[in-house]
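Chains X and E supply the protein sequences, listed in that same order.
In terms of our numbering, the numbers along the first sequence are unbroken and rise by one, the last being 119.
In terms of our numbering, the numbers along the second sequence are unbroken and rise by one, the last being 119.
No residue lacks a Cβ here, since even glycine has one placed at the ideal position from N, Cα and C.
Notes follow once the structure below has been shown.
Number of protein chains: 2
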Amino acid sequence: MEEQITRSFNIPAEATLEVIGGKWKLLILCHLNCGPGPKRTSELKKAIPDITQKMLIQQLRELEEDGIITRTVYNQVPPKVVYEMSELGNSLQFILDQLGEWGEQYIRRREWKSSCSEG
Amino acid sequence: MEEQITRSFNIPAEATLEVIGGKWKLLILCHLNCGPGPKRTSELKKAIPDITQKMLIQQLRELEEDGIITRTVYNQVPPKVVYEMSELGNSLQFILDQLGEWGEQYIRRREWKSSCSEG
DNA sequence: CTGAATCCTAAGTGATACTG
DNA sequence: CAGTATCACTTAGGATTCAG
């Protein structure tokens, strides 16, 4: 069950994308970043309504395995599980910001181009 | 044939990943960056032996459509097509570097952790 | 509330053969 | 040399159901 996958990359940058490239991971990290403190599973689900429960858990697990976030379980009824950015996760912050900035510029540029072709 | 896809993103950073997230795109951009001037299709194929011709062309097309690279066709026999980073592509350089740096650190960290568990 | 398990589809990828 | 077309395969992602 513990199928250990050895991932190899041609260039280091690919390792980074492997970590943050999941379909919902940016969004999840984004929500874990906004506001301090850990977030409950249900909070994340509420914050990202379009994600299925399966994908939410799956992406969270991958982020956890990659050491980006931490998962804390409270043994109580009803169950309570919270996720939080790890130190390694916080080291991603700068890259996340850069990705966001470039993306903004890119989107603006495309809107500008398409508005021209409409003329 | 010209199927126009409207891509929507929850956060701008996702747009960036959409552009550079293709399986071979980082590698292609990497090779277009190393050394000045444009690269021929066959040069890229030689530089990235594992990629199939289909994937090479496909990823190049997507990069071109996204404005990251330029494609120049010389009308001659035998055909000659060269690809080159565009201005927009060059604006990616910083992010590419950051992704690489973080990836390096991440890989080192994982090697360190696995060497510990080997005991 | 959290999340595991199953089944299913769509998309991505690859091998191969073919065209100008 | 550069690119297309087709088929086969793998995988990510999603709907649903069940469990502690």
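Minimum Cβ-Cβ distance from residue 10/X to chain E less than 8 Å: Taking Cβ atoms only, chain E reaches closer than 8 Å to residue 10/X, which makes this a yes.
Using alpha carbons as the reference points, say which of 81/E, 44/E, 87/E lies closest to residue 73/E. 81/E is the residue among 81/E, 44/E, 87/E whose C-alpha sits nearest the C-alpha of residue 73/E.
Leaving out the 5 sequence neighbours to the left and right, which residues in its chain are closer than 6 Å to residue 71/X when beta-carbon positions are compared? Taking C-beta separations shorter than 6 Å and ignoring five residues to either side along the sequence, the partners of residue 71/X in its chain run 64, 83, following chain order.
Taking 8 Å as the threshold (C-beta atoms), are residue 98/X and residue 94/E in contact? Against a cut-off of 8 Å, the Cβ pair of residue 98/X and residue 94/E comes out as a contact.
Do you know how far the Cα of residue 85/E is from the Cα of residue 55/E? If you draw a straight line from the Cα of residue 55/E to the Cα of residue 85/E, it is about 18 Å long.
If you draw a straight line from the alpha carbon of residue 39/X to that of residue 66/E, how long is it in whole angstroms? Going from the Cα of residue 39/X to the Cα of residue 66/E covers about 36 Å.
Could you tell me whether any Cβ in chain X is nearer than 8 Å to the Cβ of residue 116/E? No - not a single Cβ of chain X is within 8 Å of the one on residue 116/E.
Chain-ordered neighbours of residue 95/X on chain E, where CB pairs are closer than 7 Å: Within chain E, the residues near residue 95/X are 98, 99, 102.
Going along chain X in order, which residues have a C-beta closer than 9 Å to the C-beta of residue 107/E? Near residue 107/E (Cβ distances below 9 Å), the residues of chain X are 9, 12, 15.
Residue 27/X and residue 10/E closer than 8 Å at C-beta: Closer than 8 Å, so yes.
Using a beta-carbon distance below 8 Å, is residue 21/X in contact with chain E? Chain E has a Cβ within less than 8 Å of the Cβ of residue 21/X.
Who are the neighbours of residue 27/X on chain E, taking C-beta pairs under 7 Å? Going along chain E in sequence order, the residues near residue 27/X (Cβ under 7 Å) are 10, 11.
Alpha helix (DSSP H) runs wholly inside the segment 44–112 of chain E, at least 4 long, in chain order: Scanning the segment 44–112 of chain E from its first residue to its last, the whole alpha helix (DSSP H) runs of 4-plus residues come out as 53–65, 87–90.
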